[in-house]
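First residue of the first sequence? That's 1089 in this note's numbering, and the numbers climb one at a time after it. Glycine residues also receive a C-beta, built at the ideal position from the N, C-alpha and C atoms. Data block below; observations after.
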Amino acid sequence: MDIHIYDTKRRTKRRFEPLNADHVKIYVCGPTVYDRIHIGNGLSAVVFDVFVRVLRAVFKNVTYVRNVTDIDDKINARALELRIPIDELTRDCTDAMHEDFEALGVLLPDVEPKATGHINEIVTMISSLIQQGHAYEAEGHVLFYVPSDPNYGSLTNKSLEDLIDGARIEVAPYKKDPKDFVLWKPSSSELPGWESPWGRGRPGWHIECSAMIREHLGNEIDIHGGGTDLAFPHHENEMAQSGCFNDNPDYVKYWMHNGMLNLGAQKMSKSLGNIQTVQELLEDHAGETLRYAILSGHYRQSLKWDDELIAQSDRSLTSLYQALRNAERIAGESSTSDAYAQIRSADLPEEILGPLCDDLNTPRALAGMHELASRLNISTDSSEASSLRDKLLGGGWLLGLLTRSVAEFFTQDANLTELEIDRLIEERAQAKATKQYHRADEIRTELLANGIAIEDTRNGTIWKVVKKTVSETR
RNA sequence: GGCUGGGUGGCAGAGUGGCCAUGCUGCAGACUGCAACUCUGUUUACGCCGGUUCGAUUCCGACCCCAGCCUCCA
């Protein structure tokens, strides 16, 4: 199946043709680790997680690299504030990030390089850029000389004049051109630093990615991803460095950028302080619910994040699990979508894979999931139900949803033990049999007070945990 | 100011030159002892103004509004 992706640089949707169909290479910018990640970071990770699942369903061999920026002035400041060593901070934050990603159903990338592990490669690239006349040393800094790159601005369609007009940054006196950006900067003795031809120092942010891409994927890659807020200046600068280094400004064949997650009318960002961490959201919501909420919008659009979105997502996700439960009744034992990890495109449901291949249209893919669920709910034939269930789970695998068993999903956070619940349900069944409906309703009310809702089916009574509302939680 | 991307029914959110998106919610029925679940049906749409067209939410143009980027950010 063909994949089409919107390419930020060409500003159009293009058919994806890999450089080498036997080996697809994708690089995505991960977070800077100095604190708990927020749900906006989670969005980016989830989006590219789904995209890589789709790539893997279509291509045999995919290498997915997602970096961790572990050297940065904010990290230094945060470590100082907490009075802990810098490497302890970045290690703890990276561990925490892995926990949060896992809760969101994000699989590990093939390689997760850290900037600090690539200093040699960084120094090599900077030296070469200096030699080629694209960079220069000044007062212990090495700067990229922007006017030396005829392609500068071509990723984000910026003219050099516009950049000067809109410049909000103070121009350091040692810069030859106000647009020049730092490749290497000096470190005082108490800051992390490495010896280099330009003295002890540390790399600038943009050069890290150039170096890690080259080290792990080579001089040319198929796809480069990240948040749209990284397009300028981060990716523009990275393109300048790598493009000049290789003399190939098109070393990235497709640029993909996810939209921002908004809290209220504004982008969620650490500098604005309007963030919700994944950790705190997980206190009240299942990671899978958060993932559904993220996928409910298209990845290039900004997503308005609020309690209503989460509540709707939770109800929608529940309806998918309910269909799976129906399937269990008709077609017998069910499994989780994890069982579909190795399945290739030909065996995955067209209803879900099709939309995902069309520039990762997750809202339409979810619509496809619900259409499958509806067909499952009206099905009475066990082989048909079983086939629909397989499709639902296959689609679930692509989206990273339906990873829990039906039993697990409906019994999450139960207040009573299963034994107690079963005993009460049995008592209610007897009350019903003898038409003591008052007692039967009493038991139902009692269960509900403990967060257990029951449903009578022709095969007996089943139960589930009802979600706590905000007022009940407090 | 420049550069991106948007404005769709109560909410979220796809999509299309003429026909059902989908989910949640509301309403009415079926099922049920009553509920719940499920099913069936159903109301309210495409920012504004022009143009092209037999016909535009969808194409073209102007305008208004929103978000992102132009500083660190996913």
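Query                                                                                                                                                                   : Result
Compute the Euclidean distance between the alpha carbons of S1277 and A1353, then round it to the nearest angstrom.                                                     : 43 Å
Would V1494 be called buried (16 or more neighbouring beta carbons within 10 Å of its own) or exposed?                                                                  : buried
Counting along the chain, where does the beta strand (DSSP E) carrying G1315 start and finish?                                                                          : 1309-1315
What residues are listed by DSSP as bridge partners for W1286?                                                                                                          : W1286 pairs with nothing; no bridge assigned.
Kindly provide the ranges of any alpha helix (DSSP H) runs that are 4 or more residues long and lie completely inside the region 1125-1150, ordered along the chain.    : 1127-1146
Give the DSSP-derived three-state secondary structure of Q1054 in the structure shown.                                                                                  : Residue 1054 lies beyond the stretch modelled for the chain, which goes from 1089 to 1562, so this question has no answer here.
Taking all protein chains shown into account, decide if Y1262 is buried (16 or more other Cβ within 10 angstroms of its Cβ) or exposed.                                 : exposed
Below 8 Å, can you find three or more Cβ-Cβ pairs linking the region 1458-1465 to the region 1474-1487?                                                                 : yes
Helix, strand or coil: which one does DSSP assign to D1338?                                                                                                             : coil
Name the one or two DSSP bridge partners that A1109 has.                                                                                                                : DSSP lists no partner for A1109.
Counting C-beta neighbours from all protein chains within 10 Å, is the total for T1151 16 or more, i.e. buried, or is it exposed?                                       : buried
Does I1540 come out as helix, strand or coil in the three-state DSSP assignment?                                                                                        : strand
Determine whether the beta carbon atoms of M1457 and I1440 lie at a separation below 8 Å.                                                                               : yes
According to DSSP, simplified to helix, strand and coil, what is E1200?                                                                                                 : coil
Could you check what DSSP says for T1499 in three-state terms: helix, strand or coil?                                                                                   : coil
Quick check on the burial criterion: 16 or more other C-beta atoms within 10 angstroms. Buried or exposed for R1098?                                                    : exposed
Reducing DSSP to helix, strand and coil, say where F1333 ends up.                                                                                                       : helix
From the DSSP output, in three-state form, read off Q1354 for me.                                                                                                       : strand
Got a sec, what are the start and stop residues for the alpha helix (DSSP H) T1157 sits in?                                                                             : Counting along the chain, T1157 falls outside any alpha helix (DSSP H), and DSSP gives it neither H nor E.
CA-CA distance, A1521 and R1492?                                                                                                                                        : 34 Å
So which of D1160, S1404, T1182, I1214 has the shortest CA-CA distance to N1334?                                                                                        : I1214
Let me know the secondary structure DSSP gives I1398 once reduced to three states.                                                                                      : helix
By a C-beta neighbour count over all protein chains shown, 10 Å radius and 16 as the cutoff for buried, is T1100 buried or exposed?                                     : exposed
The alpha helix (DSSP H) with G1484 in it runs from where to where?                                                                                                     : 1470-1487
Considering only residues of the same chain and omitting the five flanking positions on each side of E1326, which have a CB-CB separation below 7 Å?                    : H1294, C1297, S1298
So, under 8 Å CB-CB, L1487 and V1138 are touching, yes? Tell me the CB distance rounded to an integer number of Å.                                                      : 6 Å
For E1227, count neighbouring C-beta atoms within 10 Å of its own C-beta (all shown protein chains included) and say buried if the count is 16 or more, exposed if not. : exposed
In angstroms, rounded to a whole number, what distance separates the CA positions of S1433 and L1170?                                                                   : 48 Å
Which residue wins for smallest C-alpha separation from P1337, given the options K1358, I1309, S1359?                                                                   : I1309
Between the region 1130-1146 and the region 1183-1201, do at least 3 Cβ pairs fall closer than 8 Å?                                                                     : yes
Got a sec? Which residues, its chain only, sit under 7 Å from N1414 by beta carbon, not counting five neighbours each side?                                             : L1464, N1465
Would you mind working out which of L1489, G1484, I1550, A1453 sits nearest R1511, comparing C-alpha positions?                                                         : I1550
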